[in-house]
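Asker: Residue numbers (our numbering): 29 to 808.
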DNA sequence: TGCGTGATTGTTTTT
DNA sequence: CAATCACGCA
């Protein structure tokens with residue numbers, strides 16, 4: 029029996045597809061990584077393709093690492109010659125070799141978003157742009173979108189004619205790009221952009237890679253942006269020995285999981301693949317191997333509310349599974365505590381371990397309260413993505429030393445550390461040096477070396493030269509072949525007295541900070557040990573620039589993981605808690621109030637689909653009627669996505685913390701149908717001592733229970749009353765249900781604002797349901 | 001130059 | 001509730 033026999037029919041067809049473009053529409057959990065890895069194996073084993081000629085592109089290092097590992101496992105030999113890497117690393121690798129043709133130095137550094145912001149700050153200062161009105165972040169996002177669309181500063185300027193704001197953006201973009209170049213630095217978007225630029229200017233480079241990459245695979249194709257699309261297209265446009273274009277391009281994606289529009293992802297890349305390549309073969313993978321029937325159905329029902337999707341229907345042979353749970357809490361603290369307690373109980377019961385649980389949320393800020401509760405309970409956990417390790421202050425400081433030593437042209441790094449620890453070199457001095465540097469067309473560091481010639485420095489000049497000689501000494505040391513990066517770091521800490529300085533500052537979390545430095549040391553050591561030959565400083569800096577939090581997930585083994593829905597894509601967990609299912613949180617306030625809410629809500633819905641389909645066995649959704657967000661209390665109604673899940677798939681619970689639901693402080697109804705009109709979630713910014721505004725447009729005003737204009741302090745009291753509608757059936761009556769047909773009412777419970785009715789259906793079995801959802805009709 | 005204070009202000013998601 | 005910023009003082 030061969031390894032290919034374990035594949036289903038469609039998977040097999042995808043794996044065995046011969047030449048020409050192939051689009052694999054792979055639903056969530058349909059085994060797409062399996063198909064990709066088996067296809068690579070198949071190409072090598074059965075079609076004699078040289079591993080050297082295969083390129084597999086992913087978006088995250090984690091995905092790349094997984095694919096590499098799985099390929100290694102099924103391919104006997106030669107797998108190390110396959111290029112399996114992220115778009116960004118691939119581009120870095122190419123640029124390291126060729127970027128001099130674009131006028132950059134091959135030792136370029138990569139700027140992260142903090143660096144970008146610092147640089148943009150300088151640009152704004154230089155161009156005298158008031159960053160009160162135009163924030164650095166928004167300018168950067170304009171530039172980022174331009175780069176995603178492969179628009180150069182010059183083109184941007186051309187398009188900006190007659191538009192004052194755009195002309196301003198154009199000048200910012202130009203200056204920003206100029207400074208990046210003089211710092212010999214590239215930002216994330218440049219990595220892709222410059223690679224396409226390289227391929228368009230250097231026939232030699234393009235031909236080289238076209239010849240090399242005769243088979244190209246792209247994972248998560250729905251997330252590609254225009255620049256990435258162009259890159260793939262250029263690479264796959266090569267001519268084979270017979271002189272024809274084969275386009276051996278295999279892309280895998282799921283339009284329903286396209287969640288990176290904000291980052292420039294162009295969903296038409298996947299929707300129009302067949303137009304771009306009319307000869308393309310399309311294969312759909314619709315069998316899900318991950319989730320229970322109920323979870324999958326919930327996901328299908330939610331995503332069905334989107335229009336303009338590629339037609340597909342996911343199904344599974346897995347068991348029915350437990351119902352999906354929805355719990356409505358009063359407060360975010362209760363939500364967190366309840367979830368954390370539940371995880372603790374489950375683990376204590378012995379069936380499951382911490383790593384089986386994931387807590388997913390829309391925004392990073394929501395992790396905080398969970399962290400609090402997890403710490404109290406002593407549960408091991410890992411929060412992905414909130415702050416990247418390499419973005420920590422201490423780490424950035426020390427890395428800036430490394431960068432300064434490795435690439436003196438990176439002025440940002442030099443400026444960052446010139447006064448860390450304090451050397452008495454202040455802003456005024458830096459400005460003078462900067463002026464001199466610009467005036468003489470030299471780098472900032474070069475200007476520092478000439479400090480003696482800079483007018484007006486006086487005492488600072490001596491301080492600068494001692495800094496320069498420190499760097500120079502370190503530079504000469506790293507040139508020695510036996511001197512490692514970890515030695516260098518050690519030396520930097522020693523020579524600068526960095527740790528002593530840290531201790532001297534008497535910060536409250538001093539120990540954490542020192543521990544972080546230790547962690548950096550061990551990461552460097554690990555990097556050096558993993559390398560086949562002694563890595564260079566720039567190798568390490570490159571690794572650091574491209575690694576994300578998520579990539580290290582496998583390092584911590586048995587922990588509960590917390591992350592955003594975006595980060596969760598591609599992962600799976602037996603238990604998934606999808607929390608903060610509230611209007612204004614998820615879907616986000618931004619999407620509800622966007623210029624084009626329809627489109628934005630669809631993206632949120634895809635995100636919800638991604639979240640639901642992460643769950644294998646147990647899915648628990650929750651919302652809070654009251655939530656603290658950045659120092660203010662929000663009152664939110666349950667998310668519309670809850671309502672999109674059919675009732676018969678859900679069990680609902682309300683305020684488990686209140687034994688008496690009538691005393692609940694809840695301001696939002698559990699019953700989504702109750703608020704038939706969708707309106708913005710209410711946010712109050714109360715003046716001290718007085719609540720005003722409030723749950724505008726919520727069910728409460730709609731129901732007439734209280735008026736928008738009334739004070740909130742009074743509202744909860746008034747809301748004590750019950751909303752129980754009347755039901756015209758009782759225990760023992762026969763009723764009919766729209767989906768389940770005819771059944772016998774066996775029990776009715778008062779569940780706070782609603783009745784929970786238990787019905788014994790002749791065909792569908794016994795179901796518990798909320799009276800207001802079930803719309804039961806009395807028959808006798 | 002550097003530090004402390006109070007005020008202001010912000011919010012999605014990330015390679 | 002943060003993080004950032006302007007301002008004033010040593």
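We treat Cβ as the ideally placed atom computed from N, Cα and C, and that holds for glycine.
Since the model is a prediction, treat every value here as computed from it, not as a measurement.
#1: Less than 8 angstroms between the beta carbons of residue 672 and residue 333, yes or no?
#2: For the alpha helix (DSSP H) that contains residue 539, what are its first and last residues?
#3: Does the beta-carbon distance from residue 805 to residue 763 come in below 8 angstroms?
#4: Inspect the CB distances between the region 388–395 and the region 510–519 and report whether three or more fall short of 8 angstroms.
#5: How big is the Cα-Cα spacing for residue 266 and residue 193?
#6: Which same chain residues end up closer than 6 angstroms to residue 429 when comparing Cβ atoms and leaving out the 5 residues on each side of it in sequence?
#7: According to DSSP, is residue 162 helix, strand or coil?
#8: Shortest alpha-carbon distance to residue 674 belongs to which of 635, 639, 322 and 184?
#9: Would residue 637 and residue 331 qualify as a contact pair, given that the criterion is a beta-carbon distance under 8 angstroms?
#10: Give the range of the beta strand (DSSP E) segment to which residue 362 is assigned.
#11: Can you tell me whether residue 30 is helix, strand or coil according to DSSP?
#12: Got a sec? Which residues, its chain only, sit under 6 angstroms from residue 423 by beta carbon, not counting five neighbours each side?
#13: Kindly identify the DSSP beta-bridge partner or partners of residue 311.
#14: Whole alpha helix (DSSP H) runs in the region 558–600 with 4 or more residues, listed along the chain?
#15: Taking the alpha carbon of residue 571 as the point to measure from, which residue in 585, 587, 554 and 586 has its own alpha carbon closest?
#16: Along the chain, where does the alpha helix (DSSP H) that runs through residue 506 open and close?
#17: Please say whether residue 431 and residue 137 have beta carbons closer to each other than 8 angstroms?
#18: Excluding the 5 residues flanking residue 413 on each side, which residues of the same chain have their C-beta closer than 7 angstroms to its C-beta?
#19: Buried or exposed for residue 231, going by 16 or more other Cβ atoms inside 10 Å?
#20: Going along the chain, which residues of its own chain have a beta-carbon closer than 6 angstroms to the beta-carbon of residue 574, five neighbours each way excluded?
#21: Just the C-alpha distance for residue 218 and residue 479, rounded to the nearest angstrom, thanks.
#22: Nearest to residue 498 by alpha carbon, out of 523, 91, 511 and 599?
#23: Counting only the same chain and skipping the five closest in sequence on each side, list residues whose C-beta sits under 6 angstroms from that of residue 441.
#24: By how many angstroms is the C-alpha of residue 508 removed from the C-alpha of residue 201?
#25: Let me check understanding here. Comparing Cα to Cα, which of 631, 407, 662 and 678 lies closest to residue 289?
#26: In terms of residues, what are the limits of the beta strand (DSSP E) holding residue 278?
#27: Looking at the unbroken alpha helix (DSSP H) that takes in residue 670, where does it start and where does it end?
#28: Taking Cβ positions, are residue 463 and residue 472 nearer each other than 8 angstroms?
#29: In angstroms with no decimal places, state the Cα-to-Cα distance between residue 389 and residue 405.
#30: Give a yes or no on whether the C-beta atoms belonging to residue 207 and residue 150 are separated by under 8 angstroms.
#31: Which one or two residues does DSSP pair with residue 343 in a beta bridge?
#32: Using the Cα positions of residue 26 and residue 529, report the straight-line distance between them to the nearest angstrom.
#33: If you drop the 5 nearest sequence neighbours on each side, which residues of the same chain put their C-beta closer than 6 angstroms to that of residue 401?
#34: Would you mind giving the Cβ-Cβ distance between residue 102 and residue 45, rounded to the nearest angstrom? I have them listed as a contact below 8 angstroms.
#35: Would you mind stating whether residue 317 and residue 598 have Cβ atoms separated by less than 8 angstroms?
#36: Is there contact between the region 296–305 and the region 642–649, where contact requires at least three CB pairs shorter than 8 angstroms?
Answerer: Put simply:
#1: Sequence index remark: in the first chain, residue 672 carries index 644 (1-based). Sequence index remark: in the first chain, residue 333 carries index 305 (1-based). Yes; because the gap between Cβ atoms is below 8 angstroms, this pair is in contact.
#2: Along the first chain, read from residue 1 onward, the residue named residue 539 stands at position 511. Here the alpha helix (DSSP H) through residue 539 covers 538–558.
#3: As a first step, residue 805 must be located in the first chain, where it is residue number 777. As a first step, residue 763 must be located in the first chain, where it is residue number 735. Their beta carbons are under 8 angstroms apart, which means residue 805 touches residue 763 by this criterion.
#4: Touching, no.
#5: To locate residue 266, count along the first chain from 1; it is residue 238. To locate residue 193, count along the first chain from 1; it is residue 165. For residue 266 and residue 193, the distance between alpha carbons rounds to 41 angstroms.
#6: Within the first chain, numbered from 1, the residue matching residue 429 stands at position 401. The residues are 445 and 520.
#7: In the first chain, the residue the question calls residue 162 occupies position 134. Coil.
#8: Translated into the one-based positions of the first chain, residue 674 becomes position 646. Of 635, 639, 322 and 184, the residue nearest in Cα terms is 322.
#9: On the first chain, residue 637 is found 609 positions in, with the first residue counted as 1. On the first chain, residue 331 is found 303 positions in, with the first residue counted as 1. Yes, the Cβ-Cβ distance between residue 637 and residue 331 is below 8 angstroms.
#10: The count along the first chain starts at 1 and reaches residue 362 at position 334. It is not in any beta strand (DSSP E) - residue 362 instead sits in the alpha helix (DSSP H) that spans 360–376.
#11: The count along the first chain starts at 1 and reaches residue 30 at position 2. Coil at residue 30, not helix or strand.
#12: Indexing the first chain from 1 puts residue 423 at position 395. If we look at residue 423 and ignore the five residues flanking it on each side, its Cβ neighbours are 548.
#13: Within the first chain, numbered from 1, the residue matching residue 311 stands at position 283. Note: residue 311 sits in a beta bridge opposite 52.
#14: 565–574 and 593–596
#15: For this step, residue 571 is matched to residue 543 along the first chain. Per the Cα distances, 554.
#16: Mapped onto the first chain, residue 506 falls at position 478. Unbroken alpha helix (DSSP H) run through residue 506: 487–506.
#17: The sequence position of residue 137 within the first chain is 109, counting from 1. The sequence position of residue 431 within the first chain is 403, counting from 1. It is a contact, given that the beta carbons lie within the stated cut-off.
#18: The residue given as residue 413 occupies position 385 in the first chain. For residue 413, where only same-chain residues beyond five positions count, the Cβ hits under 7 angstroms are 392, 577, 578, 591, 592 and 595.
#19: For the purposes of this step, residue 231 is identified with residue 203 of the first chain, where counting begins at 1. By the neighbour-count rule (16 or more Cβ atoms within 10 Å), residue 231 is not buried but exposed.
#20: Numbered from 1 along the first chain, position 546 holds the residue referred to as residue 574. Around residue 574: 116 and 117.
#21: Taking the first residue of the first chain as position 1, residue 218 is located at position 190. Taking the first residue of the first chain as position 1, residue 479 is located at position 451. Roughly 33 angstroms between the two C-alpha positions.
#22: In the first chain, the residue the question calls residue 498 occupies position 470. Considering only alpha carbons, the answer is 523.
#23: In the first chain, the residue the question calls residue 441 occupies position 413. Result list for residue 441: 428, 431 and 432, in chain order.
#24: Position 173 of the first chain, counted from the start, is the residue given in the question as residue 201. Position 480 of the first chain, counted from the start, is the residue given in the question as residue 508. The straight-line gap from Cα to Cα measures roughly 40 angstroms.
#25: Indexing the first chain from 1 puts residue 289 at position 261. Among 631, 407, 662 and 678, the Cα nearest to that of residue 289 is on 631.
#26: Here residue 278 refers to the residue found at position 250 of the first chain. Where residue 278 is concerned, the enclosing beta strand (DSSP E) stretches over 277–281.
#27: Within the first chain, residue 670 is the residue found at index 642, counting from 1. Segment 668–671, the alpha helix (DSSP H) holding residue 670.
#28: Within the first chain, the letter at position 435 stands for residue 463. Within the first chain, the letter at position 444 stands for residue 472. No. Outside cutoff.
#29: Counting from 1 along the first chain, the entry for residue 389 is found at position 361. Counting from 1 along the first chain, the entry for residue 405 is found at position 377. Taking the straight line joining both Cα atoms gives about 20 angstroms.
#30: Within the first chain, numbered from 1, the residue matching residue 207 stands at position 179. Within the first chain, numbered from 1, the residue matching residue 150 stands at position 122. Against a cut-off of 8 angstroms, the Cβ pair of residue 150 and residue 207 comes out as a contact.
#31: Within the first chain, the letter at position 315 stands for residue 343. Residue 343 is bridged to 315.
#32: In the structure as shown, the chain begins at 29 and stops at 808. Residue 26 is therefore absent and cannot be evaluated.
#33: Translated into positions along the first chain, residue 401 becomes position 373. Hits under 6 angstroms: 364, 365 and 368.
#34: For the purposes of this step, residue 102 is taken as residue 74 along the first chain, with counting starting at 1. For the purposes of this step, residue 45 is taken as residue 17 along the first chain, with counting starting at 1. So it is not a contact: roughly 18 angstroms between Cβ atoms.
#35: By one-based count along the first chain, residue 317 stands at place 289. By one-based count along the first chain, residue 598 stands at place 570. Not closer than 8 angstroms, so no.
#36: no
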